[in-house]
Structures are given as structure tokens and as C-alpha cells.
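>
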Amino acid sequence: MKTEYKIIVDLIEEKTRVLDVGCDDGTLMESLKKDKNVDARGIEISKDKVQTCVSKGLTVIEGNAELDLKQFPNDSFDYVVLGQTLQAFVNPEIVIKELLRVGKKAIITIPNFGHWKVRLNLLIKGTMPITESLPNDWYNTPNIHMCTIKDFVKFSKIINFKIFKSLALTNKNISNINNSNLFYKNLFAELGIFLIEK
Amino acid sequence: MNIKENIKTLVIKKPLKLDCGKTINNFPLAYETYGSLNKNKDNAILVFHALTGDQFVTGINPVTKKDGWWSYAVGPNKSIDTNKYFVICANVIGGCMGSFGPSHKNPDTNKIYGTDFPVITINDMVNAQVNLLDHFEIKKLFSVVGGSMGGMQVLQFISNYPDKANTVVPIACTSNHSAQNIAFNELGRQAIASDHNWSDGKYLSNNTLPDKGLSVARMAAHITYLSKKGLQEKFGRKLQERDALKFGFDADFQIESYLRYQGSVFVDRFDANSYLYITRAMDYFDLVKQFDGNLSNAFKKTKAKFFIISFTSDWLYPTQENKDIVIALNAIGADVGFVEIKSDKGHDSFLLDVPDFLKTLKNFLDKSYSER
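Protein chains in written order, with my numbering: chain A, 334 to 531; chain B, 314 to 685.
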């Protein structure tokens, strides 16, 4: 399993209700059920992946987070997980607010656009960066709102949500992000993982 | 109508108060079963049929001698695996395959009911069928499954009997008919009523059949079961056994011939009055109204696991109407999964060989059964 998923599983308490937004093939949901005895639900936009989830016995609805989070009442989940898709939404602000309305807490992961490879790519080549975690060309990428770890921290102040825990993933190593190391983490982390609250 | 000898019938002695206010008792409910009930009696699936279906879900229908209406989905190793599950299906009341319906004789007058038969509802159908659980001594069904009007019965069933099923699978259905749905049904009913032979529903006593009217009703309805794309790909403007237009009103186009055929075979197996009664039941069905405008309340008492399936090309009960049920369930934190299956086969997709659908249905049932 991806290190990212392991970190998320560790962040989630046992026997809670979790909504995985963009649950993909259900890998994370499966381990949440198995390791944390979680009541897990998923939303996934791809029909094929919904069908894969069903074959694993997971409760998943086909849908789009921007349209379909509306149907869930306030605080209906203990956690809402959004893995590496915030940058693909038309309006990330609305999505974060929806996540924090539906869930008491949210876990958001973002591919870090501040990573040195990304910066170097643009600086040296002068073309839009293509890396392992950002494999698409500018014209076919679903990512329309890329941000850096620093941007996300700034965003928390702008739209007013609390970051409870921020973790950086660098070469499968996990470390804490704080004010003093933000500059370095923003340069070296491939992924930022944030546990947030209203 | 053929003599229906091979039909299993349960006589329901318990009085059933219908929504129309009348009470019926000692009435027949025709049913069929497939597979076998296990020792714990926890492997039973109650399948509900659609408007023109019957209890003969799979195998050869002993009355029509044709394949059962859900042969693709039900049988050994199929989506609803009869090696594993005990499948029960009953002919709805108001129907014409042995259950209490308008072609039966009224014991008080010794005359065929015709339109004197009480107007029945989806709620009445479900309340009649729940008696089968007592008959088989089943406390809780593993699942209730049905498409189209069968899906309406699924929704009504779990709403009426929240503890009587572990899983709930409404397919290609709606919680109430749109004006367009009612309009198409009314077209069918008027086609029947305007057939001279219908004689205000007394045709069986007159030894005639309103087969022209019933056949037109079927033709119109059949169009609503298919998609524009599906029809275009299958028929387009192809001509029927001719090289050129004949400049007349014979069936020049293949689609005309196809619809006429569908109409003509339908009248051999279906009763016109039953068609009136069942379409009326569908039009009257409104689970939203039953719960004062809040569909969520229909499901508040159940802990069952729901799985809802719609089809991309179904314009009779479009995805959004299926999704409204999902939304109502999510609003109360119910356990609900949902998928829209890609298919060009229209509303009829659930009856046809649509591998993604059949696979998904099987996966849901088998996985839920092993985790129960």
C-alpha cells in the first residue's frame, strides 16, 4: 500500500465514520475497514472504479465531489478524506468548506508544486513541469489549481480553517511540518498531508 | 388465456385492507421459487416483477413456453445465483398469471370482475406478497430485488417492513411517476379503452379480446423501454423485406414491423384489464407523498444495506430519479451504494445481456452474502 494511505490510516481513530472522496479502487477504504474497524463510505467519479469497489464489498456511490457532497448532512462523518484531488476542482474553497461541513475533521493530501524538481523543471526547461507525481502535460492535466505546501498553509488563514496536523512525505519518509521548517519542507516534500478542522 | 395448470398458488386467508378502502381475503397469490431454502432460512431473495412480468423469472415459462423475463440475471452461477440463493417471485395482485386479478370471477356475483375489480396499489401488491415470508417461515430475507415497477415494490417493501430484508436493490426505478410517465401510461390505457372489443372491461364475458388496443398500448410502451441510439443502431431507416417504399401504410420500415410484432405477441400472454390496473398502480405510487414530502422518512426505520443501479440511456426512469433515492438515503446516513451503468439499451437494460450490470449485481449480492 502507498505510504500516503498508511499515514492516513494512522491519522484516523478506530470505529469512526469516514467518507473517502474520490476513493479510487477502494484500497484506502479496505484498510480503514480492516485496520481501524471504520464505517467507510466512498464517492468515486469513475464507473469502472465504483464497480471495482462494489466487488470488494465497499459502500460507494458514483458521483462528483463538487456536486454530490451537498446530499450529506452536517457533521455526518468523523473524517472526510480527499486524496490528491483538491487541485482538480473548479473551486477548492467551496470543496474545503463542504468537506468541513460534512465531516467533523478532514484529511487533505496535496502534491507539492513547491518541490525542487518542479521548480527546477520550470527554471531550466522553461516548460510546465512533469514529474512522477505530476505526470500530465499542461493541456491534458486534470490539475487546474496546483498549489504548494506553503500555499495551502496560507490558504488556511485566508479561508479560516485550522490545520491540526501537517505532515510531509519525502522519499517515503514522514516528517512534521512546522513554521520553522516550512521553507525546507516546501522545497523537499513530494506530498503534504493535512488534518484540518473548522 | 391458456389454462394455467402448473401454477403454484398460495391462498391468502388473512384479510388485506387495500388502499382504495376495500378489504379482500381468501385470494390467490401465484408464485414460483428457484433454488432451495437453506437450514437457517437466511438465503432467500424476493424478486419483484415489472409491469408485464410474472412469477416465472427464469428457465422456460410454462405458460408462454418462452424464457423467463430475467433469465440473464437469475439462475445457476448467474447474478442472482440459484445455487446459492432461494429465489421467490410472485405474480402481483391485479396481474394475470394466477394471482387475484380482474380476470377472476367475483364469488358474490359469479361474474368476471373486469373493471369491478378494486383499484390496487404498489403498497397493496407488497402487502399481499409479504405473506409468502410466513408461508416459507422466513423471518428475514437476504435481499429484495427488482427493476422498474419491481424497484418500486422493493422501495415500498423496505419502507413497510424495515426489518424484513438485509439488502435492498432497486434497479432503474423511481419514487414516483413523472407527468411524462403518467402520460405514456394513459396513452396505453386509452388505446385499450378505445378498442370496441374492450366493452367497458367486460370482454371476457363477451368472449372477445381488445387485442388491437392492447397491442397498440404495448407498442407505445415498448418505445419508452428503448433508447433513441439503440433503436437507430438496430433499425435506422432499414426497410422490411423490400427494396423500396411501397407508398402505402403497410410496415415499410423494420421498426414498424418490429413494434407490430411486439404488440401481437404481447396480447397472447397479457390481459388488457390487468394492464389498466397495473399501470394505474404505478401512476398512483408516490413514496415521497406517502412520507409527507420527505423520502428519507420512508427509510428511517431500516438498517438494510441499499444498492441502487441506473442506466445511462434510460429515459423512462432516468439516473437523476434513481439518484434522488440515493440522496434521500445519504441524508439519513443509510448504507447506500450507487452506480450508473453505461448501456445503450435504454430502460430495458436491466432485462438484457448487459455484462457490467450483471457483474455488478452479482458482486454486490455475493459479497454482501459472504459478509452478512
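Every residue, glycine too, gets a C-beta built ideally from N, C-alpha and C.
From a predicted model like this one, the values you see are computed outputs, not experimental measurements.
#1: I believe glutamine 420 (chain A) touches asparagine 473 (chain A) by the beta-carbon criterion, under 8 Å. Please report the beta-carbon distance rounded to the nearest angstrom.
#2: With a CB to CB cut of under 8 Å and the five nearest residues on each side skipped, what residues in its chain are close to leucine 515 (chain A)?
#3: Distance cutoff 8 Å, beta carbons only. Does serine 364 (chain A) sit that close to anything in chain B?
#4: I think serine 626 (chain B) touches lysine 542 (chain B), with their Cβ atoms under 8 Å apart; what is that distance to the nearest whole Å?
#5: Shortest alpha-carbon distance to lysine 490 (chain A) belongs to which of A:Pro468, A:Val351 and A:Glu426?
#6: Below 6 Å CB to CB, which residues in the same chain sit around glycine 436 (chain A) once its five sequence neighbours on both sides are set aside?
#7: Note down, in chain order, all residues in the stretch 624-647 of chain B with a beta-carbon under 7 Å from any beta-carbon belonging to chain A.
#8: Classify leucine 400 (chain A): buried if its beta carbon has 16 or more other beta carbons within 10 angstroms, exposed otherwise.
#9: Counting only Cβ pairs nearer than 8 Å, list the residues of chain B close to valine 387 (chain A).
#10: Quick one: does lysine 418 (chain B) have its CB under 8 Å from some CB of chain A?
#11: Would you call the CB atoms of asparagine 436 (chain B) and aspartate 605 (chain B) closer than 8 Å?
#12: Which of the three DSSP states, helix, strand or coil, is assigned to alanine 478 (chain B)?
#13: Going by other Cβ atoms of all chains shown within 10 Å of its Cβ, with 16 needed for buried, is methionine 462 (chain B) buried or exposed?
#14: Indicate whether asparagine 396 (chain B) and asparagine 404 (chain B) have their beta-carbon atoms separated by less than 8 Å.
#15: Relative to the alpha-carbon of leucine 608 (chain B), which residue among B:Ala647, B:Asn339, B:Phe560 and B:Phe677 has its alpha-carbon at the smallest distance?
#16: How would you list, in chain order, the residues of chain A whose beta-carbon sits under 7 Å from the beta-carbon of lysine 655 (chain B)?
#17: Taking the Cβ atom as the reference point for each residue, do leucine 522 (chain B) and asparagine 510 (chain B) lie within a distance shorter than 8 Å?
#18: Closest by CA to glutamate 345 (chain B), which one among B:Asn440, B:Asp367, B:Ser683 and B:Lys613?
#19: Between the alpha carbons of tyrosine 385 (chain B) and lysine 518 (chain A), how many angstroms are there, rounded?
#20: Buried or exposed, going by whether 16 or more other CB atoms sit within 10 Å of the CB of serine 681 (chain B)?
#21: Just list the residues that DSSP pairs alanine 501 (chain A) with in beta bridges.
#22: So, for lysine 369 (chain A): in the same chain, excluding its five sequence neighbours on each side, which residues have a beta-carbon less than 6 Å away from its beta-carbon?
#23: With a threshold of 8 Å between beta-carbons, can aspartate 666 (chain B) be considered close to chain A, or not?
#24: State yes or no: is the beta carbon of aspartate 669 (chain B) nearer than 8 Å to at least one beta carbon in chain A?
#25: Flag this pair as touching only if the stretch 614-628 of chain B and the stretch 649-659 of chain B have three or more C-beta atom pairs under 8 Å; answer yes or no.
#26: Which of the three DSSP states, helix, strand or coil, is assigned to alanine 585 (chain B)?
#27: Give me the residue from B:Tyr597, B:Asp599, B:Tyr588 and B:Phe663 with the minimum Cα distance to threonine 365 (chain B).
Checking against the coordinates, here is how it stands:
#1: The pair is not a contact, with the Cβ atoms about 15 Å apart (cut-off 8 Å).
#2: Ile482, Lys483 and Val486
#3: no
#4: 6 Å
#5: A:Glu426
#6: Phe410, Tyr412 and Val413
#7: Val639, Ile640, Asn643, Ala644 and Gly646
#8: exposed
#9: Phe620, Gly650, Val652, Thr673, Asn676, Phe677 and Lys680
#10: no
#11: no
#12: strand
#13: buried
#14: no
#15: B:Ala647
#16: Lys380
#17: yes
#18: B:Asp367
#19: 57 Å
#20: buried
#21: A:Ser508 and A:Gly525
#22: Ile345 and Glu347
#23: no
#24: yes
#25: yes
#26: helix
#27: B:Tyr588
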